[in-house]
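*Asks:*
Protein chains in written order, with this note's numbering: chain A, 173 to 638; chain B, 15 to 465.
1. Give the straight-line distance between the Cα atoms of residue 256/B and residue 482/A, rounded to the nearest whole angstrom.
2. Please compile the residues from chain B whose C-beta is within a distance smaller than 7 Å of the C-beta of residue 185/A.
3. Check the Cβ of residue 509/A against every Cβ in chain B and list those closer than 9 Å, keeping chain order.
4. Closer than 8 Å is the cut-off here; do at least three beta carbon pairs connect the stretch 563-573 of chain A with the stretch 529-538 of chain A?
5. Only counting the same chain, and skipping five residues up and downstream in sequence, which positions put a Cβ closer than 6 Å to that of residue 355/B?
6. Helix, strand or coil for residue 633/A per DSSP?
7. Mind checking whether residue 236/B and residue 97/B have CB atoms under 9 Å apart?
8. Can you tell me the Cα-Cα spacing of residue 220/B and residue 552/A, whole angstroms?
9. For residue 221/A, which residues in chain B fall below 8 Å Cβ to Cβ?
10. Can you give the beta carbon distance from residue 260/A to residue 395/B, rounded, assuming they're within the 8 Å contact cut?
11. Am I right that residue 446/A and residue 360/A are in contact with their C-beta atoms under 8 Å? What's the rounded C-beta distance?
12. So, at 6 Å on beta carbons, what are the nonlocal neighbours of residue 146/A in its own chain, with the 5 sequence-adjacent residues on each side left out?
13. Which residue marks the beginning of the alpha helix (DSSP H) containing residue 445/B, and which one marks its end?
14. How about residue 181/A: is its C-beta nearer than 9 Å to some C-beta of chain B?
15. Where residue 126/B and residue 160/B are concerned, what is the direct C-alpha to C-alpha distance, given to the nearest angstrom?
16. I'd like the ranges of any alpha helix (DSSP H) spanning at least 4 consecutive residues and lying wholly in the stretch 199-223 of chain A.
17. DSSP beta-bridge partners for residue 504/A?
18. Suppose you measure from the CA of residue 274/B to the CA of residue 240/B; what does that come to, to the nearest Å?
19. Determine the closest residue to residue 82/B out of 67/B, 62/B and 110/B, with distance taken between C-alpha atoms.
20. How about residue 489/A and residue 318/A: are their beta carbons less than 9 Å apart?
21. Can you find the residues in the same chain that come closer than 8 Å, C-beta to C-beta, to residue 91/B, ignoring five residues on each side of it along the sequence?
22. Interface residues of chain A around residue 152/B at Cβ under 7 Å?
23. At which residues does the alpha helix (DSSP H) containing residue 137/B begin and terminate?
24. Check whether the Cβ atoms of residue 358/B and residue 382/B lie closer than 9 Å to each other.
25. Does any C-beta atom of chain B lie closer than 9 Å to the C-beta of residue 271/A?
26. So for residue 185/A, helix, strand or coil by DSSP?
27. Specify the secondary structure class of residue 333/A as computed by DSSP and reduced to three states.
28. So residue 270/B is in the alpha helix (DSSP H); what residue range does that whole segment cover?
29. Does the count of Cβ pairs from the stretch 114-130 of chain B and the stretch 175-186 of chain B closer than 8 Å reach three?
30. Can at least three beta-carbon pairs, one atom from the stretch 256-268 of chain B and one from the stretch 178-197 of chain B, be found at a separation below 8 Å?
31. Mind pulling the alpha helix (DSSP H) runs of 4 or more residues that sit fully within the stretch 106-169 of chain B?
32. If we cut at 9 Å on Cβ distances, does residue 302/A have a partner in chain B?
33. I think residue 344/A touches residue 265/A, with their Cβ atoms under 8 Å apart; what is that distance to the nearest whole Å?
34. For the stretch 327-339 of chain A and the stretch 419-426 of chain A, state whether three or more C-beta atom pairs, one from each stretch, are separated by less than 8 Å.
35. Is it the case that the stretch 22-31 of chain B contacts the stretch 582-594 of chain A, given that we only count it when at least three CB pairs across the two stretches are under 8 Å?
36. Judging by CA-CA distance, which residue of 385/A, 206/A and 396/A is the nearest neighbour of residue 303/A?
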């Protein structure tokens, strides 16, 4: 796997930092708030980044460390920050995430928060600390570490109950709602975590809720150790950061670690796992949806075969999208993650064997390198978050938006891409992008190819219109 | 409507940063550190510096720090270029755990070498971030050595996030600019009737619009700070005979320094709204004390106003009885917005800024009606409280404020750096009125208010 380790500079990042990812699982816990221990800017940048994707107010506090706090320690700032956060929002749980600054000056947030709760007589109040220095990993690692820390902080030994834990990666609120619909169709009793399907895609209601309704209930998280099984939708999370592995090792809950159910194969895995765990039959409606997806795949297969995809972003999403592309003949030429993705190549290998072309897998990469590789390999469709618009602008490769963040279009929170139905909708987005490109260009390209000699230096594709 | 009180705020420390016109005599507290845990809307020092310098088109903007700082600032601003597009890239040394332990100087030097080899820039800005300030990398030394090695300018920007608020970043950017514009001896000597235009970042071509106006009245724009500027144009800075400053929050320090070092006088201007645009053109003409410039300025104002005033009046008819709330970054914008809203018949009932200065809050206080809430470094809870209590129909703000307004069922005006339409000059005044119309008079509110 090619990485940028030989280089000292990143040109146009394809990843975000650890605390950014760490904020999201907390948004999926009922009535919770986050405070970042560090300088004010971190919270503001991340709020802006998240708010622009979800089109929701994103309130994240900061301990607003200044020079004094940096030199003499930020304990005072963090404690008064917690005081103010409680006064302003009255949350039921607070996440304390560190930043580069707090970690570099060696802040012990476990100690400070324990002391704080003692001093204020709030020993029952749940504060979950997560060490998330920006230099310690990507948003992907921050997300999973925070998810795991929330569970490990709240989990209690619980009497066995029949529920299933469903642990969700960073997918859209619409995806989460679809997964819940499938769980209900499969007659599953479940605890889904983190559930930001309502909190980050909330309905317009009056009066305004400072902390939007929704999210996994604290008590349900506490009871996760009593579940019959855990279904975790992440093959690429490391064992250390894996909530599913934590629940398995600490409480003996059997773990079904699966990919995001995007693509027919991945959705089969999900539904078959539910069937195996609950013993419930797959209802006719899901069979029908599967049949409809197959029909959709057949209808589009010739158009799809013209696609050569460059897929980038969060490793988990990249894995699911790559598999979906392979199923449909939109063979991936570049598969890229900005952060570390140590097992991605191994996971993809058995599927890539079916590809008639070679696939470049890049990890710890940036958009400058993705751009070069995309041109070398003749990519004609980009799939990922909105930073990929760079590939459209510079090289004319059209972009199908999926994942986080999507800043230049509305509706990132409503993009549906999971389950049989979601896959069909996602596949239509891919196919139609290929078709749009074809209709835009075929008259001119046929004219150039067959009527007149192409002028020297002229290029095919969208480029000529940019 | 219940009386608006600021004594029932949950966080007492915030009380001195909020005032109600006509109620208190006390000075509003501003330019202080944000209160921890209050969810301030402010960004950091690095952000302030990056905002100011990023529009310099042919520079390499290299962030020495962890990946996030570069990731969140990649091509997010609407500054346009007539030349190089290099500024639209975000470069990072991507510091990792090892670099934090062993220092990042060598990595930084290699990063500069690689970028210089690839892009051949004449100018590199190296931004310091929080951890660089703590681990003690000698940014100055690395930049100096790299500058010598490559024979170009490599300028460190001292923008560690914790050394103050966004305003400290403006200062860091101005310091970087000062070291860049130091003129060669041959360049001394002012060009008559030429100006530097400070504090316009050419969002959606705004600096181009103003440049055209000034050319039309017989004034040459030497260089804009920093919208669509480049290495060569900035090197000529010292030759202008006047500095005009729009965004004073970010640029007043630079103007004062230029007065001191190069004897270039400065005046404050604003091209937001009809009144401010006309006043500013007259002010510039008056400064040069040139009959022809004054005549041409009057002519331009007359022609432009004749064209846009009827259009704006048509819109204003639809705004009767509407009230606006304003929460923006800097003070100049806030001051201009009060006047601009008055031009279209809308009263400002709440107004605040992230980094306004004392003088600007004084102007704000002078301009607004009694009962208007004025706040510095506000948070979402305060914005919500006062907008609802004051019955605002519309909020002006940035990306973070937008969803709050919408969730409260209010109209919203994007007055941020990533907008795609100009709000400056006469043409901008029309755009502004149209934007107010498009959001205030949308059918959606009838539906929403019907419940």
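From the three backbone atoms N, C-alpha and C, an ideal C-beta is built for every residue, glycine too.
Everything numeric in this text was worked out from a predicted model, so none of it was measured.
*Replies:* Well, looking at it:
1. What you label residue 256/B is simply residue 242 of the second chain in a count that begins at 1. What you label residue 482/A is simply residue 310 of the first chain in a count that begins at 1. Using only the alpha carbons, I get a separation of about 52 Å.
2. In the first chain, residue 185/A corresponds to position 13, counting from 1. Neighbours of residue 185/A on chain B, chain order: 81, 84, 85, 88, 104 and 106.
3. Counted from its first residue, the first chain places residue 509/A at position 337. By Cβ distance, chain B contributes nothing, its closest Cβ being about 13 Å from residue 509/A, past 9 Å.
4. no
5. Here residue 355/B is taken as the residue at index 341 of the second chain, counted from 1. Around residue 355/B: 338 and 362.
6. Counting from one through the first chain, the residue named residue 633/A turns up at place 461. The predicted position of residue 633/A is uncertain, since its pLDDT is 48 and thus under 50; no value can be drawn from it.
7. As a position in the second chain, residue 236/B is number 222, starting the count at 1. As a position in the second chain, residue 97/B is number 83, starting the count at 1. Not closer than 9 Å, so no.
8. Along the second chain, one-based indexing puts residue 220/B at 206. Along the first chain, one-based indexing puts residue 552/A at 380. Rounded to the nearest angstrom, the two C-alpha atoms are 36 Å apart.
9. Taking the first residue of the first chain as position 1, residue 221/A is located at position 49. Per Cβ cutoff of 8 Å: 86.
10. On the first chain, residue 260/A is found 88 positions in, with the first residue counted as 1. On the second chain, residue 395/B is found 381 positions in, with the first residue counted as 1. That pair is a contact at about 5 Å.
11. Indexing the first chain from 1 puts residue 446/A at position 274. Indexing the first chain from 1 puts residue 360/A at position 188. So it is a contact: roughly 6 Å between Cβ atoms.
12. This structure cannot settle anything about residue 146/A, because the visible part of chain A is limited to 173 through 638.
13. Walking along the second chain from the start, residue 445/B turns up at place 431. Residues 439-454.
14. For the purposes of this step, residue 181/A is identified with residue 9 of the first chain, where counting begins at 1. Closer than 9 Å: yes.
15. The residue given as residue 126/B occupies position 112 in the second chain. The residue given as residue 160/B occupies position 146 in the second chain. Cα-Cα distance, rounded: 7 Å.
16. Taken in chain order, the complete alpha helix (DSSP H) segments of 4 or more residues contained in the stretch 199-223 of chain A number zero; there are none.
17. Counted from its first residue, the first chain places residue 504/A at position 332. Paired residue(s): 481/A.
18. Within the second chain, numbered from 1, the residue matching residue 274/B stands at position 260. Within the second chain, numbered from 1, the residue matching residue 240/B stands at position 226. Cα-Cα distance, rounded: 20 Å.
19. As a position in the second chain, residue 82/B is number 68, starting the count at 1. Of the listed residues, the one whose Cα sits closest to residue 82/B is 110/B.
20. The count along the first chain starts at 1 and reaches residue 489/A at position 317. The count along the first chain starts at 1 and reaches residue 318/A at position 146. When the beta-carbon positions are compared, residue 489/A and residue 318/A stay at least 9 Å from each other.
21. In the second chain, counting from the first residue as 1, residue 91/B sits at position 77. Counting only Cβ-Cβ distances below 8 Å, and skipping sequence neighbours, we find 65, 68, 69, 215, 217, 431 and 432.
22. Taking the first residue of the second chain as position 1, residue 152/B is located at position 138. Within 7 Å Cβ-Cβ: nothing; residue 152/B doesn't reach chain A, min ~17 Å.
23. Working through the second chain from its first residue, we reach residue 137/B at position 123. In the DSSP annotation of this structure, residue 137/B is not part of any alpha helix (DSSP H); the continuous beta strand (DSSP E) holding it starts and ends at 137-142.
24. Residue numbering aside, residue 358/B sits at position 344 when the second chain is read from its first letter. Residue numbering aside, residue 382/B sits at position 368 when the second chain is read from its first letter. For residue 358/B and residue 382/B, no; Cβs fall outside 9 Å.
25. Here residue 271/A corresponds to residue number 99 of the first chain, with the count starting at 1. It does; some Cβ of chain B falls within 9 Å.
26. Counting from one through the first chain, the residue named residue 185/A turns up at place 13. Correct three-state label for residue 185/A: strand.
27. Position 161 of the first chain, counted from the first residue, corresponds to residue 333/A. Coil.
28. Within the second chain, the letter at position 256 stands for residue 270/B. Residue 270/B -> alpha helix (DSSP H) spans 262-276.
29. no
30. At 8 Å Cβ cutoff, the stretches touch.
31. Taking 4 residues as the minimum length, the alpha helix (DSSP H) runs contained wholly in the stretch 106-169 of chain B are 111-116, 119-133, 144-149 and 153-164, in order along the chain.
32. Residue numbering aside, residue 302/A sits at position 130 when the first chain is read from its first letter. Using beta-carbon distances, residue 302/A does not count as an interface residue toward chain B, since no partner is under 9 Å.
33. Residue 344/A sits at position 172 when you count from the first residue of the first chain. Residue 265/A sits at position 93 when you count from the first residue of the first chain. 23 Å between Cβ atoms; not a contact.
34. yes
35. no
36. Counted from its first residue, the first chain places residue 303/A at position 131. Checked all of 385/A, 206/A and 396/A; the closest Cα to residue 303/A is 206/A.
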